[in-house]
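Engineer:
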Amino acid sequence: MTRRALFFLLVGLLSACGQLATRTPDPSPSPPTALAWGAAPELPAAAAGATLDLRATLSLEGGLGPQAVELSLGGAPGASVLPSKLSLEAGGSYPLNLSLALPKTLAAGEYPLRLTARSGALEATLALSLRVSGTVGEPSPGQPVLQGFTANPAQLPLRGGEVTLAWSGQGQGYTLSVSPSQGVSVDHKPYAGPVSLPASATGATLQFAANAGSAQAYTLTLQVVGEPGSTPVQASATVQVQGGRLWLAGRADASPDDEVLLAQGLLHLLDGAVAPAPVLVRPDETFAVAFDAQGNLWVARQSFQGDVVEGYAAAGLGQPDPAPFARITQGVVGPAALAFDPQGNLWVANSWSGNVTAYAAEGLDADPAPVQTLEGGISFPTGLAFDTSGNLWVATSFSPSAVNRGMGAVYGFTQASLGEPSPRPAATLTRGIVAPEKIAFDARGDLWVLQQGTQPSRWLTRHPVESLWQDGEPAVPALDFPERPAALAFDPEGRLWVLTPGTLYGFAPDALAQAQPAPAYEYALGGAWHTLAFSR
């Protein structure tokens, strides 16, 4: 009997013996008690029509849960600040990257600006001083001017798509360059190098074709030339074609005694061609797979010889059986889930030691010791996920606490609390939850919980983002699976993928809002698979 089977036998025995206590609802989130700006930054002089980037610090004291903050700018007619709306956690200070957009009609002079933040009934104002040196003037004879250059959209889905370029300027003509050049056409003609455009041109259309499973950034450069002897003017824009390669871990029919980690190009998968290629073959069991921001692969394994989290460089994943560049063993006891926070730190759910350990982004290749350990209220953690605000959510398949004894829970830790010595969960989700094992967030911010200890109609539940901190009733999707699911994940285009031991199901994003969504994709994989992830 494997350690995985022993673990779930233990969970079943403890669940049968435990008694359910009356749940006490968590208190409703309260608004912040104070709102304050940090020191005012010094703004450089600018011309009308320019955009200024600045950094500022905003503090929210007290309160609980996400807080909506609105920003507005006063003092210079027509000037605006971006972003104008924020969602922050109360109880900490947050560095903000802001942009001030100045209208072209703004006259030269000194402007006392007021940057105002509002959260509910609270208001805080930051005083700034801006000096406008003058407006954008008319070009001198023969000197080219390029006033704007945009690419819409700047993000493309997996298959690529059409991008519309627009600009305004004055000169004798334009030159458009694209790097890299592969897979791009201009106005539906193959791109083979810089394209010359007349002075009357104000836009162009590019067509991008993406390779299967590969993320690609394209740099678009537009140059306007003037009369002989004038200096050309350039501007650049970036178009990102999203990546996404499906990775599966489990035991293949051809290798019943070894764990196999496979990679499958998602585009090929959607076209119906399932021909995954083996990447790693190991005798021990792979419990989790994750990718960092650089595209490096991280694998959590359990074996009687010792548990480990290994890192594999992105550049070497195309090679047969690559060697790891990192091995983490300190604090790793029964790793069941991996997740990276927005700062690049690695978090590991240790099911056998009953805690979650964090490892600093710097030094992951040197078997580092944990920089933080979460233990409060956690036992047998099996799932990790970060929401878009950087809050950490932990799935515990068995909970001895009085709140939900024996049934398990999902705990939420605010981003601000993760830097504290012994953070306590700010949210405990128990309604509709029985032995949660894996969790994931969709593009809207809803939390999906895959459960192992309930009836088939509730194997997968969706918890709306609006009620996460109040332990509200979940929305239960009527997803029909003949076998109990083992893992779930969302791809870069928002599709939900659910893995059962022998079958992979895919659901389109718009179908998930229906009462009884049907899978758009269904693939019989063969073997026994239990982990899936998507590369970036």
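Going by our numbering, the residue at position 293 of the sequence shown is 305; the numbering climbs one at a time, nothing skipped.
Where a beta carbon is used, it is the ideal one built from N, C-alpha and C, also for glycine.
Everything numeric in this text was worked out from a predicted model, so none of it was measured.
Use the C-beta contact count for residue 455: other C-beta atoms within 10 angstroms, 16 or more gives buried, fewer gives exposed.
Structural biologist: Per the 10 Å Cβ criterion, exposed.
Engineer: Going by the DSSP bridge assignment, what does residue 65 pair with across the sheet?
Structural biologist: Paired residues: 111.
Engineer: Using CA atoms only, rank isn't needed, just tell me which of 220, 317 and 329 is closest to residue 547.
Structural biologist: Checking every option, the nearest Cα to that of residue 547 belongs to 329.
Engineer: I need the straight-line Cα distance from residue 542 to residue 260, nearest angstrom please.
Structural biologist: In a straight line, the C-alpha of residue 542 is about 8 Å away from that of residue 260.
Engineer: Could you please give the first and the last residue of the uninterrupted beta strand (DSSP E) stretch that includes residue 429?
Structural biologist: Note, residue 429: premise wrong, no beta strand (DSSP E); not H, not E.
Engineer: Where does residue 548 fall in DSSP's three states?
Structural biologist: Three-state result, residue 548: coil.
Engineer: Three-state secondary structure (DSSP) at residue 481?
Structural biologist: Three-state DSSP puts residue 481 in a helix.
Engineer: Would you list the one or two residues that DSSP bridges to residue 339?
Structural biologist: DSSP lists 322 as partners of residue 339.
Engineer: Using the three-state DSSP reduction, which class does residue 365 fall into: helix, strand or coil?
Structural biologist: Note: residue 365 maps to coil in three-state DSSP.
Engineer: Residue 526: buried (16+ other C-beta within 10 angstroms of its C-beta) or exposed?
Structural biologist: Exposed is the call here.
Engineer: Evaluate contact between the stretch 375 to 384 and the stretch 442 to 455, counting only Cβ atoms and requiring at least three cross-stretch pairs below 8 Å.
Structural biologist: As far as the Cβ criterion goes, the stretch 375 to 384 does not touch the stretch 442 to 455, which means the pair count is below three.
Engineer: Could you check which residue in 369, 274, 393 and 424 has the C-alpha nearest to that of residue 384?
Structural biologist: Selected option, being the one with the closest Cα: 369.
Engineer: Starting from the Cα of residue 271, find the closest Cα among 255, 253 and 312 and give me that residue.
Structural biologist: That would be 312, whose Cα lies nearest to the Cα of residue 271.
Engineer: If residue 350 and residue 300 are in contact, beta carbons under 8 Å, what's the gap, nearest whole angstrom?
Structural biologist: Contact flag correct, Cβ pair sits at about 5 Å.
Engineer: Pop quiz: residue 407 and residue 394 are said to be a contact at Cβ under 8 Å. What is the actual Cβ separation, rounded to whole angstroms?
Structural biologist: 6 Å between Cβ atoms; contact.
Engineer: Excluding the five sequence neighbours on either side, which residues of its own chain have a C-beta within less than 6 Å of the C-beta of residue 136, listed in chain order?
Structural biologist: The answer, listed in chain order, is 47, 48, 49 and 129.
Engineer: Is it the case that the Cβ atoms of residue 114 and residue 93 are separated by a distance below 8 Å?
Structural biologist: Contact flag unset, no.
Engineer: In this structure, does DSSP put residue 456 in helix, strand or coil?
Structural biologist: The answer is coil: DSSP assigns residue 456 none of H, G, I, E or B.
Engineer: From residue 232 to residue 510, what does the alpha carbon distance come to, in whole angstroms?
Structural biologist: Rounded to whole angstroms, residue 232 to residue 510 spans 38 Å at the Cα level.
Engineer: With a threshold of 6 Å on Cβ separation, who are the neighbours of residue 34 within its own chain once the five nearest residues in sequence on each side are excluded?
Structural biologist: With a pLDDT of only 38 at residue 34, under the threshold of 50, the placement of this residue in the model should not be trusted, and no figure is reported.
Engineer: By the DSSP assignment, the beta strand (DSSP E) with residue 252 in it spans what residues?
Structural biologist: Note, residue 252: beta strand (DSSP E), 245 to 253.
Engineer: Exposed or buried, residue 167, counting other C-beta atoms within 10 Å across all chains shown (16 or more means buried)?
Structural biologist: Counting Cβ neighbours within 10 Å, residue 167 comes out exposed, since fewer than 16 surround it.
Engineer: Take every Cβ of the stretch 475 to 486, pair it with every Cβ of the stretch 510 to 522, and state whether three or more of those distances are shorter than 8 Å.
Structural biologist: Short answer: they don't touch.
Engineer: Taking contact to mean 3 or more Cβ pairs, one atom from each stretch, closer than 8 Å, check whether the stretch 187 to 202 and the stretch 211 to 218 are in contact.
Structural biologist: Enough Cβ pairs lie closer than 8 Å, so yes.
Engineer: Give the secondary structure of residue 347 by DSSP, where H, G and I count as helix, E and B as strand, and everything else as coil.
Structural biologist: The answer is strand: DSSP assigns residue 347 an E or B state.
Engineer: Nearest CA to the CA of residue 437: which residue from 123, 499 and 386?
Structural biologist: It is 386 whose Cα lies nearest to the Cα of residue 437.
Engineer: If you draw a straight line from the alpha carbon of residue 316 to that of residue 346, how long is it in whole angstroms?
Structural biologist: When rounded, the distance between both Cα atoms is 10 Å.
Engineer: For my contact list, residue 55 and residue 140 are in at a C-beta cut-off of 8 Å; report their separation, rounded to the angstrom.
Structural biologist: Their Cβ separation, rounded to whole angstroms, is 6 Å, which keeps residue 55 and residue 140 in contact under 8 Å.
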